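First residue of the sequence shown: 5, per my numbering; consecutive thereafter.
Report on one structure; see the data block that follows.
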Amino acid sequence: MSRMSDMAQTIEELRSAAAAISDAADWLTKVFSGESRVEDAPASPPEPELTLEQVRAVLADKSRQGHTAEIRALLQRYGASKLSQIDPAHYKALLAEAEVMTGGS
């Protein structure tokens with residue numbers, strides 16, 4: 005029985021060694037093949053999240069310019085009566101709509 009156990013262990017070690025050699029060969033092929041590496045391309049920096057305060061400042065400015073009714077209607081389209089009730093994920097779209105609604109002023 006011991007001899008069969010030793011044989012099984014040897015076979016397993018050979019399979020592990022073969023897998024390691026195959027992985028090393030794949031890595032070497034990838035490194036020296038001259039292919040452009042997409043993962044090394046500089047990624048564009050993530051766009052910073054808008055905060056409640058930033059959105060509030062823009063909408064307050066629009067309101068002071070005489071667009072209060074339009075701002076209220078916009079908030080209602082998002083199902084809110086005040087800005088703090090709007091999901092922060094919608095801030096970017098909300099500001100874009102406010103710009104279009106008020107003519108970019």
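Note that the Cβ used here is the ideal one computed from N, Cα and C, for glycine as well.
Nothing here was measured: the structure is a model prediction, and the numbers come from that model.
Endpoints, the alpha helix (DSSP H) within which Thr14 is located: 6-36
Rounded Cβ spacing between Leu78 and Ala102 (contact assumed at less than 8 Å): The pair is a contact, with the Cβ atoms about 6 Å apart (cut-off 8 Å).
Other residues of its chain near Asp10: CB distance less than 8 Å, five sequence neighbours each side excluded: none
Buried versus exposed call for Lys86 [16 or more other C-beta atoms within 10 Å across all chains shown]: exposed
Rounded straight-line distance, which links the Cα of Asp27 to that of Arg19: 12 Å
Residues near Ala100 in its chain [Cβ-Cβ closer than 7 Å; skip 5 each side]: none
Pairwise C-alpha distance: Leu32 and Ala21: The C-alpha of Ala21 lies about 16 Å from the C-alpha of Leu32.
Distance, Ala24 Cα to Pro52 Cα: 42 Å
Rounded straight-line distance, which links the Cα of Ser48 to that of Arg68: 35 Å
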